[in-house]
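Chain order of the listed sequences is A and B. Per my numbering, the very first residue in the first sequence carries number 15; after that it's consecutive. Per my numbering, the very first residue in the second sequence carries number 79; after that it's consecutive. Note that CB positions come from ideal geometry on N, CA and C, so glycine has one too. Notes follow the structure.
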Amino acid sequence: MKKVTLTIKYIILILLSLIFLFPIIYMLANSVMSSAEISSAYNTAKEGYMTFKLIPNEFTLEQFYDVFFKAPDFLNMFWNSVISTLPTVIGQVAVSSLAAFAFGKLNFPGRDKIFFFYMVLLILPIQVTLVPNYILLRDMNLLNNFLAIILPGTFSAFGICLLRQSIRYIPYETIEAAFVEGASHIRVFFKIILPQIKGSLITLIILVFIDNWNIIEQPLIYFTDTQKFPLSLGLSLLGDGSNGIVFACSVLFMIPALIVYFLGQKHFSSPFARN
Amino acid sequence: MRMSVSAKNKLWGYLFILPSAVGIFIFYIIPFVMSLYYSLVTYGKFSGLNNYFELLGNSYFLLALKNTVLFTAIAIPLLLVTSFAIALFLNSFDKIASFFQSTLLIPMLIPTASVLFVWQIFLDENGIINNILNALNLSQINFYDSGFSMVVIILIFVWKNCGFCVILFTAGLSNMSKSVIESARLEGASSFKVVTKIIVPMMSPTTFFVFLMAIINSFKIFREIFLLFGDYPNENVYFLQNFINNNFYNLNYSQLSAASVILTIIIVAVLLVTFRIERKSNYLE
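Shown next as structure tokens:
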């Protein structure tokens with residue numbers, strides 16, 4: 015009886031995984047098909063209905079070759095994504111860890127009120143400040159400039175809330191002891207706090223990277239120059255139907271996000287996990 | 079002069095939040111105050127709450143508000159329940175291969191723009207789902223312009239955000255002391271009782287955090303709506319974010335700002351209620 019339950023549980027587990035993995039499998043499979051094969055499966059003008067196509071007739075890297083040598087826009091947009099994402103990640107992690115230390119472990123008047131205010135900011139959707147931010151960035155001459163994405167992103171309250179939670183799990187005694195021994199706040203921050211919250215820092219890096227890699231709202235409003243579009247916004251412009259490179263583009267676009275995750279996966283954790 | 083530790087702490091506290099405070103002031107507070115100002119002004123003249131009244135009479139705004147509330151009221155509870163159930167399910171295994179943990183996060187990891195083509199192939203009016211329906215002699219579904227648009231968006235939202243919530247819940251479950259649960263079981267509590275009377279209450283700090291994350295991510299559903307349905311989605315999935323974006327294209331700053339302020343008020347109200355309910359949680363202590 016126990017064995018039967020376990021088998022059923024494993025079947026459910028596998029089904030769940032399939033639901034989560036299905037689109038990625040489908041994309042990968044389609045990315046190694048030839049343009050002709052893609053076209054015959056999805057070109058409704060010719061065939062009426064699209065057909066389910068998971069197994070390639072022949073394995074070919076034709077699509078990837080075409081992306082690299084015939085679609086210069088793709089590489090340009092890919093670079094735009096990189097240049098607007100990486101600085102945001104670095105900036106947000108630096109600014110957030112400093113503030114999270116103060117909110118999590120230092121006592122100063124008004125601390126909890128300020129933090130509540132940050133929490134409200136955290137939840138407000140980007141659209142709330144879109145227009146005034148647009149005007150502000152216009153006056154700062156930053157429209158069509160990657161700084162229009164990087165600067166507001168750096169000061170997002172998200173990282174602070176996430177890191178504060180795990181900093182609070184560090185016992186007070188550890189920090190007190192360091193202060194008693196005469197360590198400065200800066201030393202405590204670098205030598206005690208940062209190493210202890212390594213897991214949460216990596217989690218934050220992954221989440222911020224993914225969020226910004228996937229950015230739509232800001233470039234849609236702040237960028238009028240399509241040459242500046244990141245891939246998240248521009249990908250759908252590249253694949254106008256018949257040319258069968260969209261799957262290769264999609265796969266290439268998701269690879270950096272997957273790499274960042276798998277590099278940090280070991281440390282990916284909930285801010286509620288105690289070490 | 080030597081400062082006491084606590085005076086020193088104060089100074090350092092302010093110093094450590096300084097970079098973020100400056101940035102937040104420039105990129106969040108100034109814009110918000112500007113919004114407030116614009117919402118009270120029409121063509122450079124003070125107009126009181128006029129913009130708000132106009133907005134509340136605007137049928138597109140009301141439609142957007144209705145859809146946003148409907149989406150939030152269905153998608154967030156559905157997400158919480160689904161991910162909590164999966165977390166309980168995973169927790170019932172002695173050991174879960176880390177492979178399964180990573181598959182859970184895949185939907186969140188793949189960018190919306192990448193996975194979009196797969197959705198389109200399935201949802202198109204000549205897509206795979208309609209192909210199957212046709213083969214079965216059933217009537218076709220127009221996913222791009224019917225009530226099914228909302229269903230699609232809700233399912234994509236749950237599919238995408240489920241994994242991260244499961245990870246948060248699993249961490250919360252593993253923090254929980256096993257002895258409390260075991261002693262309850264020994265005293266004859268049913269599994270249902272254990273879940274509702276012990277596990278759920280003890281999970282409240284985690285649930286609170288998951289709820290916050292769910293709300294934050296619920297606004298990002300705009301990405302899916304925009305990529306799937308374009309600038310002007312059908313009336314079933316026309317959300318506040320679409321209303322704001324479209325007014326932006328029309329340069330209607332006043333209405334737009336008023337909409338932003340109303341949205342903010344709603345969110346702050348929801349937040350305050352949640353904090354009140356969640357007082358026992360130590361999240362804000």
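Closest residue to residue i among the options (Cα-Cα distance)
| i | options | result |
| --- | --- | --- |
| Phe-304/B | Asn-208/B, Ser-335/B, Ser-227/B, Cys-243/B | Ser-227/B |
| Leu-93/B | Ser-45/A, Ala-192/A, Leu-30/A, Asn-121/A | Asn-121/A |
| Lys-88/B | Leu-161/A, Met-154/A, His-199/A, Thr-240/A | His-199/A |
| Ser-264/A | Val-18/A, Gln-106/A, Leu-247/A | Leu-247/A |
| Gln-319/B | Asn-328/B, Ser-338/B, Tyr-331/B, Asn-330/B | Ser-338/B |
| Val-236/B | Asn-328/B, Pro-155/B, Val-273/B | Pro-155/B |
| Ile-174/A | Asn-228/A, Gln-210/A, Ala-108/A | Ala-108/A |
| Ala-271/A | Lys-280/A, Pro-233/A, Ile-219/A, His-281/A | Ile-219/A |
| Ala-347/B | Ile-137/A, Phe-78/A, Asn-57/A | Ile-137/A |
| Phe-167/B | Leu-75/A, Asp-80/A, Lys-23/A, Thr-102/A | Lys-23/A |
Residue environment, residue i, which counts as buried when at least 16 other CB atoms sit within 10 Å
| i | result |
| --- | --- |
| Glu-231/A | buried |
| Leu-68/A | exposed |
| Trp-90/B | buried |
| Glu-260/B | exposed |
| Ser-256/A | Note on Ser-256/A: pLDDT 48, under 50, position unreliable in the model; no value is reported. |
| Ala-50/A | exposed |
| Ser-137/B | exposed |
| Arg-301/B | buried |
| Trp-93/A | exposed |
| Pro-166/A | buried |
| Ala-163/B | exposed |
| Leu-251/A | exposed |
| Thr-19/A | exposed |
| Met-281/B | buried |
| Val-147/B | exposed |
| Tyr-310/B | exposed |
| Asn-220/B | exposed |
| Pro-189/B | buried |
Pairwise C-alpha distance: residue j and residue i
| i | j | result |
| --- | --- | --- |
| Ser-335/B | Arg-152/A | 17 Å |
| Leu-290/B | Arg-178/A | 15 Å |
| Ala-153/B | Val-260/A | 30 Å |
| Ala-249/B | Ser-283/A | 8 Å |
| Leu-245/A | Ile-299/B | 18 Å |
| Leu-251/B | Ile-277/B | 8 Å |
| Phe-353/B | Ile-128/A | 15 Å |
| Gly-122/B | Ile-108/B | 19 Å |
| Phe-66/A | Ala-55/A | 7 Å |
| Phe-110/B | Ala-116/A | 25 Å |
| Ala-213/B | Leu-42/A | 27 Å |
| Leu-30/A | Tyr-115/B | 50 Å |
| Pro-146/A | Ile-104/B | 11 Å |
| Leu-141/B | Leu-182/B | 34 Å |
| Leu-341/B | Gln-141/A | 9 Å |
| Leu-216/B | Ile-199/B | 19 Å |
| Ser-268/B | Cys-240/B | 27 Å |
Contact with chain B by residue i, beta-carbon distance below 8 Å
| i | result |
| --- | --- |
| Trp-93/A | no |
| Met-15/A | no |
| Glu-231/A | yes |
| Arg-201/A | no |
| Tyr-275/A | yes |
| Val-18/A | no |
| Asn-121/A | yes |
| Val-134/A | yes |
| Phe-204/A | no |
| Pro-185/A | no |
CB contact below 8 Å: residue i versus chain A
| i | result |
| --- | --- |
| Pro-109/B | yes |
| Val-236/B | no |
| Thr-285/B | no |
| Arg-301/B | yes |
| Lys-88/B | yes |
| Ser-217/B | no |
| Gly-122/B | no |
| Thr-181/B | yes |
| Met-147/B | The question names Met, but residue 147/B in the sequence shown is Val. No, its Cβ sits nowhere closer than 8 Å to a Cβ of chain A. |
| Thr-160/B | no |
| Ile-355/B | no |
| Leu-305/B | yes |
Closer than 7 Å: residue i CB and nearest the ligand FAD heavy atom
| i | result |
| --- | --- |
| Thr-285/B | This structure does not include the ligand FAD; it has no bound ligands of any sort. |
Quiz item: Looking at chain A, which residues of the segment 314-338 of chain B have a Cβ within less than 8 Å of any of its Cβ atoms?
Solution: Under the 8 Å Cβ criterion, the segment 314-338 of chain B contributes Leu-318, Gln-319, Ile-322, Asn-323, Phe-326, Tyr-331, Leu-334, Ser-335, Ser-338.
Exercise. Compile a chain-ordered list of the residues in the segment 58-80 of chain A whose CB is closer than 9 Å to at least one CB of chain B.
Key: Under the 9 Å Cβ criterion, the segment 58-80 of chain A contributes Thr-58, Glu-61, Gly-62, Tyr-63, Met-64, Thr-65, Phe-66, Lys-67.
Quiz item: Given a limit of 8 Å on CB to CB distance, which residues of the segment 143-154 of chain A reach chain B?
Solution: Correct list: Thr-143, Leu-144, Val-145, Pro-146, Asn-147, Tyr-148, Ile-149, Leu-150.
Exercise. Can you give me, in chain order, the residues of the segment 214-228 of chain A that have a beta carbon less than 9 Å from any beta carbon in chain B?
Key: Flagged, chain order: Ile-220, Leu-221, Ile-224, Asp-225, Trp-227, Asn-228.
Quiz prompt | Residues of the segment 252-273 of chain B with Cβ closer than 9 Å to any Cβ of chain A, in chain order | solution = Residues Ser-252, Asn-253.
Quiz prompt | Members of the segment 186-206 of chain B that neighbour chain A once the beta carbon cut-off is set at 7 Å | solution = Here the close residues are Met-186, Leu-187, Ile-188, Pro-189, Thr-190, Ala-191, Ser-192, Val-193, Leu-194, Phe-195, Val-196, Ile-199, Asp-202, Asn-204, Gly-205, Ile-206.
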